[in-house]
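Participant: Take a look at the following structure, please.
There are 2 protein chains.
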Amino acid sequence: MSFDRAQVLREAAALLTRKANASMDEIAKAAGVSRATLHRYFPGRDALVRALGTLGIEQLAERLDAARIEEGDPVEAVRRLIEEAMPVSGFLAFLYGENQLYEVTEIDEGWTRIDERVSALFRRGQEQGLFRYDLSPAWLCEALYALIAASGWCVQDGKVASRDSARMVGELLLSGMLRERS
Amino acid sequence: MSFDRAQVLREAAALLTRKANASMDEIAKAAGVSRATLHRYFPGRDALVRALGTLGIEQLAERLDAARIEEGDPVEAVRRLIEEAMPVSGFLAFLYGENQLYEVTEIDEGWTRIDERVSALFRRGQEQGLFRYDLSPAWLCEALYALIAASGWCVQDGKVASRDSARMVGELLLSGMLRERS
DNA sequence: CTATTTTGAGACACTCATGTCTCGCTTGGG
DNA sequence: CCCAAGCGAGACATGAGTGTCTCAAAATAG
């Protein structure tokens, strides 16, 4: 039985999302490895959480690349971004609550880079006259994260179907909850 | 120096929002009381967190009453709700991340009651043809909480001005980020 | 002013998560 | 088949957080 680093990190993220202060023993059990082995690869809780943080950043950055948010129509770019980010919504929900991670410069810088890319998208949409000017890119950025995390929560809770989650987030963020005035 | 229960709970919530696993000693220091006194009124961490949970529920319920969400135009009711809930956004952000609280039946039931009231508001708006039918009340409910919590986070971070936060949430939730089609 | 109550500071033992170690077993390559 | 490497299980000490207690100081009531 070889050590699957990615699998362990996935299980750890899933558990820590549900139970923020789970012990290393619980994490090891959930990941299907012994506490000793877990400690061999992640020497200490900080190392594990930091690895989760950097992995989350990397995955999110990859999704931003895959969504090509710097290209084409901003509205469509936002929809692509949401569609791509939805599979990592669980991860994002975890990172969102682990506010101690922002004290790690490496992770804080990673978030700053991502924030800049997403904010640039919103700014581009504003400059093209598509997005409202009275909602700042920084706020839209945070709102996007919050809605994606919330949708991940809802899916995990059975309140929203998995295949609907991207549309729910996209429609609400872009068009709001009011009916179209025809 | 008398023991101000409400003040202690406020300080505890503020600290625990920033640092989820602060020690009882840190909480006591932040609240300006000794660890012994803190322990006299809240015998154990669970008791403190549970008190925070029930207080949050109570305050939120009071805000729902103050906003009179069962009366008048649903759109205006949503705006009133957001306006009223904003002062407790810090509390809500804390409760949102403390997922262990949902294991306490008392608190879980409190959330269920609040969810029902808010969902009823959204359903009423839908039945009056004001709100979109393709976004479920349950999802709108969660989205509202997420946006309020996110705005509280933004205000605390200096990304959004305090007096703008209610408008930011209300406009985004109701009308979305797209410019009006004129 | 005196008596009662309440609070703060600290000591103490206890629990639990953690870090580290050893040893036996399984797995896979030679 | 044998051997090296990796993993699991568990023991052990350590440290941080916690619950409980005592006693003196401070606040409050009478």
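Protein chains in written order, with this note's numbering: chain A, 4 to 185; chain B, 4 to 185. Quick reminder that beta carbons are idealized off the backbone N, C-alpha and C, glycines included.
#1: Going by beta-carbon coordinates alone, are Ile117 (chain A) and Ile72 (chain A) separated by less than 8 Å?
#2: When you compare each of A:Arg48, A:Gln10 and A:Ala96 to Asn102 (chain B) by their alpha carbons, which one comes out closest?
#3: Answer with yes or no whether the minimum CB distance from Trp156 (chain B) to chain A is below 8 Å.
#4: Is it a yes or a no for the stretch 164 to 183 of chain B touching the stretch 125 to 140 of chain A, going by three-plus beta-carbon pairs under 8 Å?
#5: What in chain A is Cβ-close to Ser178 (chain B), meaning under 9 Å?
#6: I think Leu124 (chain B) touches Pro77 (chain B), with their Cβ atoms under 8 Å apart; what is that distance to the nearest whole Å?
#7: Can you name, in chain order, every residue of its own chain whose Cβ lies under 6 Å from the Cβ of Gly128 (chain B), other than the five neighbours on each side?
#8: Throw me the rounded Cβ distance for the Gly93 (chain A) and Gln159 (chain A) pair, which I believe falls under 8 Å.
#9: Would a check of beta-carbon distances place Gln159 (chain A) closer than 8 Å to chain B?
#10: Check the Cβ of Leu138 (chain B) against every Cβ in chain A and list those closer than 7 Å, keeping chain order.
#11: When you compare the CB positions of Trp142 (chain A) and Lys22 (chain B), do they come within less than 8 Å of one another, or not?
#12: Quick one: Cα of Trp114 (chain B) to Cα of Ile30 (chain A), how far?
#13: Tell me which residues of the stretch 103 to 115 of chain B have at least one Cβ-Cβ distance to chain A shorter than 8 Å, keeping chain order.
#14: How is Phe134 (chain A) classed by DSSP in three states: helix, strand or coil?
#15: Would you kindly report the start and end of the unbroken alpha helix (DSSP H) that includes Val107 (chain A)?
#16: The alpha helix (DSSP H) spanning Glu103 (chain A) covers which residue range?
#17: Please check the pair Ser122 (chain B) and Cys144 (chain B), which I expect to be a contact at CB under 8 Å, by giving their CB distance rounded to whole angstroms.
#18: From the beta carbon of Ser185 (chain B), is the nearest beta carbon of chain A less than 8 Å away?
#19: Can you check DSSP and say which residues form a bridge with Leu55 (chain A)?
#20: Answer yes or no: does any C-beta atom of chain A fall closer than 8 Å to that of Leu150 (chain B)?
#21: Between Asp28 (chain A) and the rest of its own chain, which residues show a CB-CB distance below 7 Å, the 5 nearest in sequence each way excluded?
#22: Do you know offhand how far Arg13 (chain A)'s Cα is from Ala33 (chain A)'s?
#23: Are there 16 or more other CB atoms within 10 angstroms of the CB of Ser185 (chain B), so buried, or fewer, so exposed?
#24: With a Cβ-Cβ cutoff of 8 Å, do Arg126 (chain A) and Leu67 (chain A) count as a contact?
#25: Name the chain A residues whose beta carbon is nearer than 8 Å to that of Leu143 (chain B)?
#26: Report yes or no: is there a C-beta of chain B within less than 8 Å of the C-beta of Gly100 (chain A)?
#27: Answer yes or no: does any C-beta atom of chain A fall closer than 8 Å to that of Lys22 (chain B)?
#28: Measuring straight from C-alpha to C-alpha, what distance separates Arg43 (chain B) and Ala50 (chain B)?
#29: Val36 (chain A) versus chain B: which residues are under 8 Å apart at the beta carbon?
#30: Can you tell me the Cα-Cα spacing of Gly155 (chain A) and Leu147 (chain A), whole angstroms?
#31: Of the residues A:Val11, A:Gln62 and A:Arg83, which one's Cα is nearest the Cα of Ile110 (chain A)?
#32: Going straight from the alpha carbon of Ile151 (chain B) to that of Thr40 (chain A), what length do you get?
#33: Less than 8 Å separating the beta-carbons of Leu18 (chain B) and Val52 (chain B)?
#34: Only counting the same chain, and skipping five residues up and downstream in sequence, which positions put a Cβ closer than 7 Å to that of Glu87 (chain B)?
Facilitator: Judging by the given coordinates:
#1: Not closer than 8 Å, so no.
#2: A:Ala96
#3: It does; some Cβ of chain A falls within 8 Å.
#4: yes
#5: Arg135, Ser178, Gly179, Met180 and Leu181
#6: 6 Å
#7: Pro77 and Phe134
#8: 7 Å between Cβ atoms; contact.
#9: no
#10: Met171, Glu174, Leu175 and Met180
#11: It is not a contact, given that the beta carbons lie outside the stated cut-off.
#12: 29 Å
#13: Those residues of the stretch 103 to 115 of chain B placed with their C-beta closer than 8 Å to a C-beta in chain A are Gln103, ordered along the chain.
#14: strand
#15: Counting along the chain, Val107 (chain A) falls outside any alpha helix (DSSP H), and DSSP gives it neither H nor E.
#16: One detail in the question is off: residue 103 (chain A) reads as Gln in this sequence, not Glu. Counting along the chain, Gln103 (chain A) falls outside any alpha helix (DSSP H), and DSSP gives it neither H nor E.
#17: With a Cβ gap of about 5 Å, Ser122 (chain B) and Cys144 (chain B) count as contacting.
#18: Model confidence at Ser185 (chain B) stands at a pLDDT of 48, short of 50, so the residue's coordinates are unreliable and nothing is read from them.
#19: DSSP, once it has assigned bridges, lists no residue as partnering Leu55 (chain A).
#20: yes
#21: Arg38
#22: 10 Å
#23: Note that Ser185 (chain B) scores 48 on pLDDT, short of 50, meaning its location in the model is unreliable and no value can be drawn from it.
#24: no
#25: Leu175 and Met180
#26: yes
#27: yes
#28: 11 Å
#29: For Val36 (chain A), none of the residues of chain B pass the 8 Å Cβ criterion, the least Cβ distance being about 24 Å.
#30: 12 Å
#31: A:Gln62
#32: 41 Å
#33: no
#34: The residues are Arg66, Ala69 and Ala70.
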